[in-house]
Amino acid sequence: MSGSQSFDVTGLSCQSCVDHVTAALAALPGVRAVRVDLRAGGASRVDVDADRILSDAEVAGALADEGDYVIVR
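Take 486 as the starting number for the sequence shown in the working numbering and just add one per residue.
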């Protein structure tokens with residue numbers, strides 16, 4: 486399965502945060518592209534194109550070492 490998935494992530498406040506999140510998710514197996522719509526003060530939209538479905542737990546795990554980023558649903 487492949488396609489695009491969207492995640493709402495809190496904790497991003499600047500371009501450096503965007504860079505950290507992008508790099509962490511791009512390093513996951515099967516990920517082709519990551520786009521972040523930064524919304525400082527709220528949940529930022531993170532779109533991931535991958536050749537497989539990523540679980541919330543997998544994405545949260547990738548972000549855990551990068552900062553205080555939390556997936557919200």
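Yeah, the Cβ is synthetic: ideal placement off N, Cα and C, and Gly gets one too.
The structure displayed is predicted, hence computed values, not measured ones.
- The Cβ atoms of Thr507 and Val519 lie closer than 7 Å to each other.
- Under a 10 Å Cβ-count criterion, Cys499 is classified as exposed, with fewer than 16 other Cβ atoms of the shown protein chains found around its own Cβ.
- Within the same chain, Asp534, Ala535 and Asp536 come within 8 Å of Arg517 by CB-CB distance, once the 5 residues on both sides are set aside.
- Counted as a single uninterrupted DSSP element, the alpha helix (DSSP H) harbouring Asp504 occupies residues Gln500 to Ala511.
- Bounds of any beta strand (DSSP E) do not take in Ala528, whose DSSP letter is neither H nor E.
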